[in-house]
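Beneath this line is the structure, given in structure tokens, with notes to follow.
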Amino acid sequence: MKHTMMIFCLLVLVISTAFGEEGARCIPYKPDPPIAVDGDLGDWSAVPVAWTLTGETSAEKRVVHVAWREEFFFFAVEIGDSGVEHIQVMSGNTHETEMCRLITFATTFFQQPTVLYGIPEGEPSTGAVFAVKDTERGRLLEAAVPWPLLGLSNPKVGTVLGLEIRKGIEGSQFIPSGGMVAAAVLTGADGQGPPEPPFAEVFSELRLEPGGEQSFSFDAPPCPEGRMPVLSLLARLEFDQVAGYAATMRLTLNGKAVDGNRLLNKPQRVKARSGDMYSMTAGDLFSTYYSPDFKSPDTDPHYGPVDKIETCRFDLDLTGLIEQGTNSLVVAHASPSNPCALAAAEARLFFMPPPLPPAVKAGPPEGPLPRISPRPAHKTVLSAESLPDGLIVLETPGGRLRVESRFSTPEPAWVRGGTKWFTLERSLDVQEDHVIVHDTFTNLTDDNLPLMRRNEISLGANLAELWLGGLEKAGGAGSSGNPANPTTYAATNTGGVGLMPLDDVSRVHVGNYAADGMVGLADNELVLAPGAVNRAEWVIIPTETPNYWEFLNAARRIVGANFTLDGAFAFLRADPNTDAWTDAQVSDFLRFKDAQYVCASISYPMYLGRYTHGTSFQRIPLDSYKNSFARWKGLAPDIKTLVYFHCFIDVTDEGPEAFADARLLQPDGTHANYGVPHDRIYIPTESNRYGAEIAKNVDLILDDIKADGVYWDEHEYSRFHYHYGGPWDGWSGDIDRTKMTVARLKSSVTLLSESWRVALAKRILARGPLIGNGPPFTRAMMELKFPCFVETGSITNCVQAHLWSPVALGDHLTERSEVDAYRTMLGALDHGCVYHWYNDLTVVPTRPQLTRHMYPITPVELRAGCVIGAERIVTKMSGLYGWNDASAHETHVYDDMGREVESFEAPLLRENGMSWTELRIAEDWSAVIVRRGKV
94 MKHTMMIFCL
104 LVLVISTAFG
114 EEGARCIPYK
124 PDPPIAVDGD
134 LGDWSAVPVA
144 WTLTGETSAE
154 KRVVHVAWRE
164 EFFFFAVEIG
174 DSGVEHIQVM
184 SGNTHETEMC
194 RLITFATTFF
204 QQPTVLYGIP
214 EGEPSTGAVF
224 AVKDTERGRL
234 LEAAVPWPLL
244 GLSNPKVGTV
254 LGLEIRKGIE
264 GSQFIPSGGM
274 VAAAVLTGAD
284 GQGPPEPPFA
294 EVFSELRLEP
304 GGEQSFSFDA
314 PPCPEGRMPV
324 LSLLARLEFD
334 QVAGYAATMR
344 LTLNGKAVDG
354 NRLLNKPQRV
364 KARSGDMYSM
374 TAGDLFSTYY
384 SPDFKSPDTD
394 PHYGPVDKIE
404 TCRFDLDLTG
414 LIEQGTNSLV
424 VAHASPSNPC
434 ALAAAEARLF
444 FMPPPLPPAV
454 KAGPPEGPLP
464 RISPRPAHKT
474 VLSAESLPDG
484 LIVLETPGGR
494 LRVESRFSTP
504 EPAWVRGGTK
514 WFTLERSLDV
524 QEDHVIVHDT
534 FTNLTDDNLP
544 LMRRNEISLG
554 ANLAELWLGG
564 LEKAGGAGSS
574 GNPANPTTYA
584 ATNTGGVGLM
594 PLDDVSRVHV
604 GNYAADGMVG
614 LADNELVLAP
624 GAVNRAEWVI
634 IPTETPNYWE
644 FLNAARRIVG
654 ANFTLDGAFA
664 FLRADPNTDA
674 WTDAQVSDFL
684 RFKDAQYVCA
694 SISYPMYLGR
704 YTHGTSFQRI
714 PLDSYKNSFA
724 RWKGLAPDIK
734 TLVYFHCFID
744 VTDEGPEAFA
754 DARLLQPDGT
764 HANYGVPHDR
774 IYIPTESNRY
784 GAEIAKNVDL
794 ILDDIKADGV
804 YWDEHEYSRF
814 HYHYGGPWDG
824 WSGDIDRTKM
834 TVARLKSSVT
844 LLSESWRVAL
854 AKRILARGPL
864 IGNGPPFTRA
874 MMELKFPCFV
884 ETGSITNCVQ
894 AHLWSPVALG
904 DHLTERSEVD
914 AYRTMLGALD
924 HGCVYHWYND
934 LTVVPTRPQL
944 TRHMYPITPV
954 ELRAGCVIGA
964 ERIVTKMSGL
974 YGWNDASAHE
984 THVYDDMGRE
994 VESFEAPLLR
1004 ENGMSWTELR
1014 IAEDWSAVIV
1024 RRGKV
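Residues 94 to 1028 (our numbering) make up the sequence shown, in order.
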């Protein structure tokens, strides 16, 4: 390495205390703790503002971190790893001046920096603190400069000074006096400077009914140099409480769509305090929160964002859309079926400094790599004992665990065992890494008996992290009730423990919760008929490490979720849109999506302008399916064709009368629908007419269209989990949790329809493939081992696949290109999932994709960032990969745009008779390591 001199100069001149400079950049206050000045950027992660190094010609400009406290001005900047360069941190008046202050940090790569002070005589000339540290991309200089050295004795919010950080001229140690320096302002910890006045008021208030729109005209002056035009407005869906979000707002400026890529003030995906990830845009739609005002979602304990953002504000880059002079903005409520009005306010045009360019992505790591392979079996349960008063005690390598159970009685009171109302028999099935608890309850009364069950572990202050339903919960508290992932997992600093129901009724009724250091698993819906016997099963899973993934992989082994996924899936509509494609276009679509399963939906032909859900499918011509499938098979003979099927929705107008006994009824007795009045929901059973009629769709798919198989959408339930009418499922009811009495009976849609669904699924599988949307909830459906995916309008929906086939369907809301799809693949890997294709017309690949080498895969372990299969490992992380054997490996690497890099070399290492692939990949790269010659 060359001896290289790096010069860092800090020049400070004139300080003012009023925000009088247009476009000043912000220096945020750093609250406790102060920056450590150790050459580590970890302290800067919560600092909201960074600058770029000016004066560079490279496309990727370096980031300069800045902050202040009462004692110091802090900055950190990366130094190049070769060649001579000067980095000048300049400060002075924002107008020409002859005065200057200058502090220079000079260093070579073999010496620590020296500090040179250029300040007026007689003033202090020491006190700057600094550190230099080698990084993956060169060296990092971090420094703290006392304010007196800069001529400032009383820094405070609102103080303005001239300040720039730039690349200087080679050979120059000092900056000539004179010239102008850009303005900077000291701000609070949020990094927000005083607001600039708008250049145009577009509208002050707006209210749109669903499906409505309104136009506004406004005049815009020329955009000043170095600025960008920004439309800022507030928007929400009118609702009496905060209740999530929906993609509803569409903006059109001068006839052109303002799409989601123009959003400036918040990321495309926002993590909520519930653990969910919310998509803030969907193509040209913007997601608006349900809320009574524009502020409440920001702090909501469930729907509010983890990071500090204004959820209802939208700052949008209008570059290339706005025109000098008169402009026309159209605001539309683009969701006619949404019952809530769209409220908007404070729509204004600003000219703002452009945002920082994206941070330079991290390159491949150097140094030691983590070893990643299937984890050998290990013992986490040393002993377990069932004791009186509902207590179970486990001895684990990490210490003793006490699990306490309690049960409700009509008295009302909680008890710890059997009573005059019911008997309880408990037994334990103790395995190496889990304990299955068998609880048998018998109703001793002549009435329907409400019986709430709670199984709880008190960790107190030892509770460090919490996952409910697969989602990490901020604050160590929350609740969940999702049968797709019915898990509670709590981590301490040294280990962890999880709870999960196993029997059908407990899973459908599941309640996962935590509060005040107590974590639990509940059934709050159980009602026993007179003399009825309920056999509940649930499992306790201790973990050696505080790791949700260790718990999850043990849970997957218990429920039998590790089976082979043999190929990729893709939707492709059979309609005039694809009929117009050339053979080459169809072939490329199937080839580049690596589609083994190709599914046509029910969007063409329509029935009375409606999707052909339900028995309406039997009333349309099916030629489009037959002709398309014949063409596709001719171009790609190995594909398996599927047709969409949904068993719960019917759109025929005579349905409510024809299938009256199958209607899904809501608590008020009305017939449930899917959001649109004609999308009525029914429950198919072996005894009602609807079950027999809707099953005829499958006969048409397999016998008339002659598809190879069926794609079954929402096979466990649709929209509503419960039906409030006859027949009763024998297990479910709404229970008054104070009086502990039955408020009303209800029936699980899953349980009522289960025997019908199992029989139909077996019939399909006897003929060909069956692929489902959403995991099965009951053991009988799970025994069929058919693959399912989950939809990823929110990428955190992946957790719903954690206990079955770990497959994420593409995000139909945000994917508009093959690169967008690749981003979803990486997001799926973050959640331990592989990928299936969703959008067809809007996502048409032009080259091979990561899915080419993704299948077949038999999952063995899921981890954050990778899926370990028996045949291959799909990953986005660097590491040493293997299967704890001597098998050969074949590695395929993809860059951050999803393009395979065929020249990439990943060495295969041999250690102690085992093979390991050394994989060093950059940020947003991925790889598939294929196991060859299994040993």
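For glycine and all other residues, C-beta sits at the position ideal for the given N, C-alpha and C.
On a predicted model such as this, the values are computed, not experimentally measured, just so you know.
Asked: Minimum C-alpha distance to residue 933 - residue among 904, 756 and 950; Found: 904
Asked: Extent of the continuous beta strand (DSSP E) to which residue 987 belongs; Found: 981-987
Asked: Cutoff 6 angstroms; reference residue 1022; Cβ partners in own chain excluding five residues on either side; Found: 966, 974, 982, 984 and 1010
Asked: Given 8 angstroms, three or more beta-carbon pairs between the segment 571-581 and the segment 397-413; Found: no
Asked: Same chain, Cβ closer than 8 angstroms to residue 1050, five either side skipped, listed in chain order; Found: Any property of residue 1050 remains undetermined from this structure, which presents the chain solely from 94 to 1028.
Asked: Length-filtered (3 minimum) beta strand (DSSP E) runs lying within the segment 581-669; Found: 581-584, 589-594, 603-608, 611-616, 626-636 and 661-664
Asked: Residue 516 - DSSP class collapsed to helix/strand/coil; Found: strand
Asked: Residue 943, DSSP secondary structure in three states; Found: helix
Asked: Span separating the alpha-carbon of residue 709 from that of residue 805; Found: 16 angstroms
Asked: Host alpha helix (DSSP H) of residue 453 (start-end); Found: From DSSP, residue 453 is part of no alpha helix (DSSP H); its letter is neither H nor E.
Asked: Limits of the alpha helix (DSSP H) - the one that residue 560 falls within; Found: Where residue 560 is concerned, there is no enclosing alpha helix (DSSP H), although the beta strand (DSSP E) it sits in stretches over 558-561.
Asked: Paired residues, beta bridge with residue 522 - DSSP; Found: 529
Asked: Residue range of the alpha helix (DSSP H) that includes residue 696; Found: From DSSP, residue 696 is part of no alpha helix (DSSP H); its letter is neither H nor E.
Asked: Candidates 130, 129 and 123: closest to residue 140 by CA position; Found: 123
Asked: Rounded straight-line distance, which links the Cα of residue 349 to that of residue 1020; Found: 38 angstroms
Asked: The segment 751-759 touching the segment 710-730, judged by at least three CB pairs closer than 8 angstroms; Found: no
Asked: Beta carbon of residue 914 nearer than 9 angstroms to that of residue 942; Found: yes
Asked: C-alpha distance - residue 841 paired with residue 391, whole-angstrom precision; Found: 35 angstroms
Asked: Residue from 743, 689 and 647 with nearest C-alpha to residue 733; Found: 689
Asked: Three-state class that DSSP yields for residue 684 in the structure shown; Found: helix
Asked: Whole-angstrom distance between residue 874 and residue 619, CA atom to CA atom; Found: 22 angstroms
Asked: Nearest candidate by alpha-carbon position, reference residue 676, set 723, 233, 779 and 253; Found: 723
Asked: Proximity of residue 555 and residue 614 at Cβ, strictly below 9 angstroms; Found: no
Asked: Other residues of its chain near residue 220: CB distance less than 7 angstroms, five sequence neighbours each side excluded; Found: 239 and 242
Asked: Stretch pair the segment 624-639 + the segment 597-611: three plus CB contacts closer than 8 angstroms; Found: yes
Asked: Boundaries (first-last residue) of the alpha helix (DSSP H) holding residue 373; Found: Where residue 373 is concerned, there is no enclosing alpha helix (DSSP H), given that its DSSP letter is neither H nor E.
Asked: Contact set for residue 821: own chain, Cβ-Cβ below 7 angstroms, skip 5 residues either direction; Found: 838 and 840
Asked: Spatial distance of residue 277 from residue 283 (CA atoms); Found: 15 angstroms
Asked: Start-to-end residues for the alpha helix (DSSP H) that takes in residue 783; Found: 782-787
Asked: Straight-line Cα distance separating residue 155 from residue 433; Found: 45 angstroms
Asked: Residues that DSSP places opposite residue 1007 in a beta bridge; Found: 1004
Asked: Closest Cα partner of residue 539 within the set 515, 991, 342 and 679; Found: 515
Asked: Sequence-distant residues of the same chain with beta carbon closer than 8 angstroms to residue 642, five excluded per side; Found: 925, 954, 955, 956 and 957
Asked: Proximity below 9 angstroms, CB of residue 906 to CB of residue 340; Found: yes
Asked: Residue 649 versus 369, 1003, 1024 and 952, residue with shortest Cα-Cα distance; Found: 952
Asked: For residue 411, the three-state DSSP class (helix, strand or coil); Found: coil
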